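There are 2 protein chains.
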Amino acid sequence: MVGSKPFNLSLYKLAIKHAAAAEETVNGMKISNERLEYLGDAVLGAVVAEFLFIKYPFRDEGFLTETRSRMVNREALNHIAIKLGLSKIIEEEYRGKNVGTHKSIYGDALEAMVGAVYLDRGYEFCKKFILRRIIIHFDLDSIINTTTNFKSKVIEWSQKENSSVDFRTVSIDGSQRFKEFVVELLINNEPVATGKGATKKKAEQEAAKNACEILNIAV
Amino acid sequence: MVGSKPFNLSLYKLAIKHAAAAEETVNGMKISNERLEYLGDAVLGAVVAEFLFIKYPFRDEGFLTETRSRMVNREALNHIAIKLGLSKIIEEEYRGKNVGTHKSIYGDALEAMVGAVYLDRGYEFCKKFILRRIIIHFDLDSIINTTTNFKSKVIEWSQKENSSVDFRTVSIDGSQRFKEFVVELLINNEPVATGKGATKKKAEQEAAKNACEILNIAV
Numbered sequence: 001m002v003g004s005k006p007f008n009l010s011l012y013k014l015a016i017k018h019a020a021a022a023e024e025t026v027n028g029m030k031i032s033n034e035r036l037e038y039l040g041d042a043v044l045g046a047v048v049a050e051f052l053f054i055k056y057p058f059r060d061e062g063f064l065t066e067t068r069s070r071m072v073n074r075e076a077l078n079h080i081a082i083k084l085g086l087s088k089i090i091e092e093e094y095r096g097k098n099v100g101t102h103k104s105i106y107g108d109a110l111e112a113m114v115g116a117v118y119l120d121r122g123y124e125f126c127k128k129f130i131l132r133r134i135i136i137h138f139d140l141d142s143i144i145n146t147t148t149n150f151k152s153k154v155i156e157w158s159q160k161e162n163s164s165v166d167f168r169t170v171s172i173d174g175s176q177r178f179k180e181f182v183v184e185l186l187i188n189n190e191p192v193a194t195g196k197g198a199t200k201k202k203a204e205q206e207a208a209k210n211a212c213e214i215l216n217i218a219v
Numbered sequence: 001m002v003g004s005k006p007f008n009l010s011l012y013k014l015a016i017k018h019a020a021a022a023e024e025t026v027n028g029m030k031i032s033n034e035r036l037e038y039l040g041d042a043v044l045g046a047v048v049a050e051f052l053f054i055k056y057p058f059r060d061e062g063f064l065t066e067t068r069s070r071m072v073n074r075e076a077l078n079h080i081a082i083k084l085g086l087s088k089i090i091e092e093e094y095r096g097k098n099v100g101t102h103k104s105i106y107g108d109a110l111e112a113m114v115g116a117v118y119l120d121r122g123y124e125f126c127k128k129f130i131l132r133r134i135i136i137h138f139d140l141d142s143i144i145n146t147t148t149n150f151k152s153k154v155i156e157w158s159q160k161e162n163s164s165v166d167f168r169t170v171s172i173d174g175s176q177r178f179k180e181f182v183v184e185l186l187i188n189n190e191p192v193a194t195g196k197g198a199t200k201k202k203a204e205q206e207a208a209k210n211a212c213e214i215l216n217i218a219v
């Protein structure tokens, strides 16, 4: 999958060891892929950042940041881990063990795999691995053109749940040039999330985005 | 400052060009350091992630993530930019221009400088630059041992402002093993921020942390 023989195979074995399947060592430490995932997440972030920086020389940092966060989100990585066949290796590994299903288990393992490749082969090799084996699977056009409208996601959800949705402006700060709105989203008159932004609309989107996370609304 | 002669000097010149001081090109684009800052932020994040990964082999990813976010926060980077003398170069650059003072202007330029070094000299050189010129300035012991108590920061602030602070539990989700509390922070009975966490205490800390950001309370 990495495209070359590993120098240190145990790193890759560790990469697919989810915390829920980890064995405890004598001193109570759990050996799992979580540290590798932390490292891989950071390296993946840097490589994707540079990829977009070069690919879109005339787009501003807001566009780059937003596109990057859509590429490295849990769901997108999970999807790619399945495409790469990492999910099958993990299922094999867990067979017979009572490991609860975990939504992001494959995406987490993919990040950990990136961490393993980085430690095993260094930055340049890992960058090529990410570009050729991960980034290639992204449908960038659809990622860029799909603006998730969090506000409408919350409204849809509330209709199903027979709940009311309201926004309330909590405060407006700043000078004439730089304004900051703080907006609150209420479900059945109960505050659920807040958002801030340079316009009321942006603050509402942000509040709706946070509400989707808090209420586990699929986006 | 970088420790070696630049290959491409214009990258470094761009790194200290804050958006507020940027000139507009004929087609209305503003040329500033914001794209470089985006890239530098990602590269810095990866290098700091690896630094901590290696330095603390027995600490879990929660510790590593939290320590990293304290190291790469605006205030910490601002501080280091001043130590490095980057602030002086920027002030010289802006002399006579009517650029409003911006809290994080030096830290932003430092991130952009990292982006410039990365593009100019590649990952390994940039990593050494970050380790030798940036990370060396961190007082890691104090970073690790200072747990910012956001709740007490908000309470202190509210006493100065003659305001009331209250927490309200909005919802408790999840099974017996995995609980998620959503807590809301109210200032003078007006909801300002929400937080979530596995315990009520953690959710309150998170809400207080968000409130500090929204209300610009120094932490």
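Going down the list, the sequences are from chains X and L.
Those letters in the first sequence? Residues 1 to 219, per UniProt numbering, in order.
Those letters in the second sequence? Residues 1 to 219, per UniProt numbering, in order.
Heads up, the beta-carbon is just placed ideally off N, CA and C, and yes, glycines get one too.
Predicted, not measured: the structure shown is a model, and the values here were computed from it.
Taking the beta carbon of Y38 (chain L) as reference, the chain X residues within 8 Å of it are A49, F53, E61, L64 and T65, listed in sequence order. Contacts with chain X (Cβ-Cβ distance below 7 Å) from the UniProt domain "DRBM" (149-217) of chain L involve V170, V182, E184, E190, P191, V192, A193, T194, K196 and I214, listed in chain order.
By the C-beta density criterion, S32 (chain X) is buried, having at least 16 other C-beta atoms within 10 angstroms. For R168 (chain X), there is no enclosing alpha helix (DSSP H); the enclosing beta strand (DSSP E) covers residues V165 to G174. Excluding its 5 nearest sequence neighbours in each direction, V48 (chain X) has C-beta neighbours in its own chain below 8 Å: R68, M71, V72, I130 and I135, listed in chain order. Those residues of the region 99-128 of chain X placed with their C-beta closer than 9 Å to a C-beta in chain L are G115, Y118, L119, G122, Y123, E124 and K127, ordered along the chain. X:I214 is the residue among X:L36, X:I90 and X:I214 whose C-alpha sits nearest the C-alpha of V182 (chain L).
Distances from the alpha-carbon of G115 (chain L) to those of L:A211, L:E37 and L:L9 put L:E37 closest. Here L186 (chain L) is bridged, per DSSP, to L:D166 and L:P191.
Looking at the DSSP output, G197 (chain L) shares a beta bridge with L:F181. Closer than 9 Å to the CB of R35 (chain X) there is at least one CB belonging to chain L. Annotated three-state conformation of K17 (chain L) is coil, per DSSP. Under the Cβ criterion (8 Å, minimum of three pairs), the region 52-60 of chain X does not count as touching the region 82-95 of chain X.
In this model, K13 (chain X) and A81 (chain X) are separated by some 16 Å (Cα to Cα). Within chain L, the residues A46 have their CB atoms less than 7 Å from the CB of V43 (chain X), given in chain order. Contact check between the region 149-161 of chain L and the region 156-175 of chain X: fewer than three CB pairs, one atom from each, fall below 8 Å, which does not count as touching. N210 (chain L) is classed as buried because its beta carbon has at least 16 other beta carbons within 10 Å across all chains shown. Within the model, the alpha-carbon separation for K83 (chain L) versus K153 (chain X) is close to 47 Å. Exclusion of the five residues before and after K17 (chain X) leaves S32 and N33 as the residues of its chain whose Cβ lies within less than 6 Å of its Cβ. The continuous alpha helix (DSSP H) containing H79 (chain L) extends over residues R74 to L84. Put simply, the CB of R68 (chain X) is near chain L, with a gap under 9 Å to one of its CB atoms.
It is roughly 7 Å from the alpha-carbon of C212 (chain X) to the alpha-carbon of F150 (chain X).
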